[in-house]
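Participant: A single structure is presented below for examination.
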Amino acid sequence: MSFGDPEDDKRDIGSDDSLLPTAGQAELSAPETADHALVSIPNSTAEHLPGRTPGRLESGDRLANRFRIVRFIAKGGMGEVYEAEDEVVRVRLALKTILPAIAANPDMVEQLKLEMRSARRVTHPNVCRLIEVFEDRDRQPAVMFLTMELVEGESLSDVIHRSGPLPLPQFYRIAAQIAAGLDAVHRAEIVHQDFKTSNVLLVGSGESTRAVVTDFGLAVNLQATGRDRGVAGGTPAYMAPEQVDGKTEITPAADIYAFGVVLYELLTARFPIAATTRREALDRKLTERPVSPSHYRPDIPKYTERAILKCLERNPQDRFASVMDALAAVEGRAEKRRKKLAAFATTVAVLLAVASFGGYAARRWFLSHRTPTVAVLSLHDASARTESTSTGTELTELLTSNLGLSKGLTTVPAEDVSLAQGEFPVTASASFEQEDLSAFRRAIGADYLVIGKYTNASDGKLAFDLKLERPDGGTLDSIHEEGTEQNAGALIADAASKIRQRLGTQLLSDSETEEAENIYPRTDEGRKLYFQALAQLRALNSVEAASLSKKAANAEPDNPSIHATYAEALNLLKNMPAAQQEAKRAAELAQGGKLPPEFVTLLEARSAELNNDWKTAIQKLDALFTFTRDNLQYGLMLSNAQTLGAQPSDALKTIARLSKLKAPAGTDPRIQIAAAETYAAMGNYTAEIQSAERAVRDAQARSWRMMQAKASLQLCWAYQRNGDSAKALASCDTARTVFADFGDGVSGAVALNRIANELVTRGQYQEAKNAYDRVLAIVTKAQSQHDMAGAHLNLALTLLNLGDQKAAQQHAGQAIEIAAHSGDRYDEARARLISADLLRASDDLPAAIQQARLAQQVAHDAQDRDAEGYALNNLALYLQESGDSEAAFNAAHQALDIRKQLGVPTSISVTQALLGDLYLERGDLPHARSSYAAALQLQEPTAKAQIAQLQLAAAQADFQSDEFDAALKNAQTAVAEFQREKDSEETIEANTLILRILTRKKDLAAARPYYEQLAQQPSQDHDIALAAAVARAEFLIASAQPVDAAALLRPLLGLSEKPNYLNLEARLVLARAQQFSSKPQSVTDLRDIASQAEKLGFHHLAAEARQSLH
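Dropping the structure here:
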């Protein structure tokens, strides 16, 4: 199983849909985040002059009905830069207007769009991201503008002017970062053309400072388009000779020249050749050589000086081939290499064995499959000792890691190999070197296999024999190494070098080897405990893995891999606060060490995932996926993050890229499983089924039964969501059987749990309870704390359907107790939310409110903003039903604030709709309408049921505004969708409103069929039934039958004493009916209703009661 694998979530019994309240109830679902992207801007030094500058946008101005201007920042060559807020996704970004002269030139506009298509591909931590081109045609004149990432910091130019040359340590840190950023630009086939210190921003301070390259490609190229596409632009002091004379094509070599100028400036605060005009630059750069930087600064190392001067060569061919080659030379790494690495290798040859921190981290896995793929099987222990050791895990991990650092070689992640080995018993035999492994090779998509055994004597002597097996099963090479446990790393490095030589791939540099070694624990105790923890985690023994990881962290507290392993074990135990803390610690430690940059970025991404920071996770994983040229593991992680982060369209684009990889990578069944999950998130269940069915076929083609079981489980969920119960049960049972065959009890329990869920949807509650009982027994035996809590919660909901409310509450209480005891605040909050909804279902609103408040407090203490948002939303709903309008209003606003910060469109929509209801009850019709409109805007077009509910809510606002035609149109549109979905309760609600509208319009003939339909099809829900009775009573009053109206309402009002809006409205209609028979009592009742409604904040209802007195 891979790090961040979407399948991890499917082990989570507690996350099943059956635990989520149904339509009309409080909602709780998986955390998501908004789709937001985004070029950078310096700290603003511009003064805001009094009055409005002609043509300049002002704070509060809106563009394209979406972007609100916050402040003016600066004026550039292309236009003006502003800070703005995207009001759709509620994020701040930079907005750069385009000069009218450019916007009016069709050639320039077309060039701009072409440049943006390329620029948007650049996603890297050291590059400001360009987002999109927009045009606001409603403004006069029309405004064209770009949106880009908002990054605030000080420019390198300002730093040099303020503080002078950089100290060498800071210089090397900054040089590495700007080289990485510039390299990312080049890999997108873009030439910056105006690279200079003022276009590099420093974000943060101290050693955590991040350099960000800005303004690449667009302004200069557009200016060139306006003149002549053969002529380049730029700033004279930084321009390469070929840019100045304009006679040759501009290539990345021009940026390498500018890179040299920038490095020269950082070290000396001078230019190598100063020039202020294009002509002066041409004359001097073609006739003068730069002054050696050591002339101004003697402490510059010779290798750095030589590298800078090579960047500044007049002839582009005499410069470095790439910016990463230049960086290697600047840092002195190139002089130590036995063989010069190709461009980009120093950065991409990063940790392959990231999975060493728990078996759940993605490795470097280049899957172009133009290169051979190697899988290292777990080495067999041929020692005479009987006790168990972690030596096999360590040797396998080290060898996979070392081989994975090679360019021109792909390795299968060790956790994937381990998972597949569990399915192929032949690989576990003592003599498997002689067995036919073709089926195993096909399953994992490997060309070459490394198999072998080791001996580890009690005196510390270590020896191992390896066989490199060809694709046809023959032996390509045999390798023997022997030494001691202490020099196991050196023995593995020698063996890996021999394998590389045999496969014709290049050796590692000294610096790459050192970076990889820094990943692993250094102390004997820390190393031993770490690999023991890793072995336990591979076996899904999360309790023991967490215990060993904690001991390893105590033995060696500053190793990031140990903390990352600990975080993964805690995550499996669903101790989320502790897992989040450990993941953050791992990322922080990685940032401060001499480690592969990709490893650092991956730890940052995983920390963001565990902390539900989907924006950062997507940004990091997108950078890694782009950076590693379509790495399968990173692509799967990215699509999962995009799906959970509410960016399903982007997830599908990522999946499309993965599907285009050369086989076997492009036919990996996990790609289609990821596609199915994404389609499920989009509500496209037909596409989900198609993807899941293809995943099953892909797994069958590889004879990979465990993956087939996972795909079958996904197919089960797809069938269930599409309403095909028979196929759902069959697919789930297939998955359960395979999991049971291979001894994966918890995964089998997940499949059984889904079968039980399907039984619930069929109304077979007793059979479902029996299945949930078995699930609970399995996960209790496995001590899977989180799954135990989930099983108890499912039992609670099932027992509620069986009418055993007491037992349901007991199971909900056990779920709370288990989660609280294990420190799992996330699940505790969730269990309390579901308990609250059980209490609400039993009409115990005070207890439900108390439990929701506890859920909110637990989530707040755990800094789980997502769960806190759900708790506050549900609390507002309960408070509304209890009649506490003011408290409900406050809770809903708090929920909305949190959800806007998280940026989850669907969650924001839910709370906006709730606020619309609260505004409607207050009689604040403008705010009610705007809230419903905002909620509707955030819904996906495919969410037709939700859209219909919001249309019905908008119709209610129109009805209260006496805009009956608009109300009728919205209500009739909604009821058509409800009838198509066969949603009887929603249909009753819509028909109720239509009856009221037609009655108010005095169109009693048109209203009568709705009156009769409501009479014939009563709702089982008290509130819906009462609302229908109110509408029918109004019709009877309008039909001169007030006595019948009163008789209809009295019994229903007697069933509830809740002082909420609906009950008061029903009392108001009853009082109106009684005006014809008992006027004094009616007057008393109307005055009391007006008083209560005013006190509760129902101003519109109070006004209607007072009006009825006259």
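Residue numbers (our numbering): 645 to 1754. Think of the CB as a built atom: it goes at the ideal place given N, C-alpha and C, for glycine as much as any other residue.
#1: What's the call for E893, buried or exposed, on a 16-neighbour Cβ count within 10 Å?
#2: I'd like to confirm the pairing. Which residues does DSSP put opposite V856 in its beta bridges?
#3: Are there three or more Cβ pairs, one per stretch, closer than 8 angstroms when the region 1395-1402 is compared with the region 1418-1425?
#4: Measure the Cβ-Cβ separation of I1745 and L1712 and say whether it is below 8 angstroms.
#5: Under the assumption that A1199 contacts E1169 (Cβ atoms under 8 angstroms), give the Cβ distance between them as a whole number of angstroms.
#6: So what's M788 in DSSP terms, helix, strand or just coil?
#7: How many Å lie between A1611 and A1689 at the Cα?
#8: Where are the alpha helix (DSSP H) runs, 4 residues long or more, that stay fully inside the region 1314-1364, in chain order?
#9: When the Cβ atoms of the region 767-783 are set against those of the region 824-841, are three or more pairs found closer than 8 angstroms?
#10: Figure out for me which residue from L910, K929, H1743 has the closest Cα to the Cα of I917.
#11: Kindly provide the ranges of any alpha helix (DSSP H) runs that are 4 or more residues long and lie completely inside the region 1209-1239, ordered along the chain.
#12: Do S1526 and I1478 count as a contact pair if the criterion is CB distance below 8 angstroms?
#13: Between A1659, R1716, R1509, E1041, which lies nearest to A1684 when the distance is taken from Cα to Cα?
#14: What do you get for I685, buried or exposed, if any count of 16 or more other CB atoms within 10 angstroms of its CB means buried?
#15: Would you identify the three-state DSSP class for Y1654, choosing helix, strand or coil?
#16: Could you tell me how far apart the beta carbons of R1086 and S1347 are, in whole angstroms, since I believe they sit closer than 8 angstroms?
#17: Rounded to the nearest angstrom, how far is the Cβ of E949 from that of S938, given a contact under 8 angstroms?
#18: Are the region 1470-1487 and the region 1190-1209 touching, with three or more C-beta to C-beta distances below 8 angstroms?
#19: For a minimum of 4 consecutive residues, which ranges assigned as the alpha helix (DSSP H) are wholly contained in the region 733-818?
#20: Is the beta carbon of L1063 sitting closer than 8 angstroms to the one on L1081?
#21: Quick one: is G1447 buried, meaning 16 or more other Cβ sit within 10 Å of its Cβ, or exposed?
#22: Is L1246 buried or exposed, if buried means 16 or more other CB atoms sit within 10 Å of its CB?
#23: Output the boundary residues of the beta strand (DSSP E) element that contains H1124.
#24: Give the DSSP-derived three-state secondary structure of T892 in the structure shown.
#25: Can you tell me where the alpha helix (DSSP H) with L956 in it begins and where it stops?
#26: Using the Cβ count rule (16 or more neighbours within 10 Å means buried), how would you classify D1609?
#27: Just grab the DSSP bridge partners of G1560 for me.
#28: Using CA coordinates, which residue listed in I1591, T1054, N1366 is at the minimum distance from N1275?
#29: Rounded to a whole number of angstroms, what is the C-alpha to C-alpha distance between R783 and A1249?
#30: If you compare alpha carbons, which of Q1595, I804, A1101, Q1590 is closest to A1572?
#31: Around the Cβ of G1279, are there at least 16 other Cβ atoms within 10 angstroms (buried) or fewer (exposed)?
#32: Nearest CA to the CA of G904: which residue from T895, K891, D1606, M883?
#33: Does DSSP classify T836 as helix, strand or coil?
#34: Ordered along the chain, which non-local residues of its own chain (more than five positions away) have a Cβ less than 6 angstroms from that of L1680?
#35: Determine the DSSP secondary structure at V714, reduced to helix, strand or coil.
#36: Only counting the same chain, and skipping five residues up and downstream in sequence, which positions put a Cβ closer than 7 angstroms to that of K1588?
Facilitator: According to the structure shown:
#1: exposed
#2: L845
#3: yes
#4: The residue asked about is misnamed: residue 1745 is Leu in this sequence, not Ile. Yes. Within cutoff.
#5: 4 angstroms
#6: strand
#7: 24 angstroms
#8: 1329-1345
#9: yes
#10: K929
#11: 1220-1235
#12: no
#13: R1716
#14: Note that I685 has pLDDT 27, beneath the 50 cutoff, so the model's placement of it is unreliable and the number below is only indicative. Classification for I685: buried.
#15: helix
#16: 7 angstroms
#17: 5 angstroms
#18: no
#19: 744-747, 750-763, 800-807
#20: no
#21: exposed
#22: buried
#23: 1119-1128
#24: coil
#25: No alpha helix (DSSP H) holds L956; DSSP gives it neither H nor E.
#26: exposed
#27: Partner(s): none; G1560 has no beta bridge.
#28: T1054
#29: 41 angstroms
#30: Q1595
#31: buried
#32: M883
#33: Strictly speaking, residue 836 in this sequence is His, with Thr absent from that position. Coil at H836, not helix or strand.
#34: D1688, A1689
#35: strand
#36: E1621
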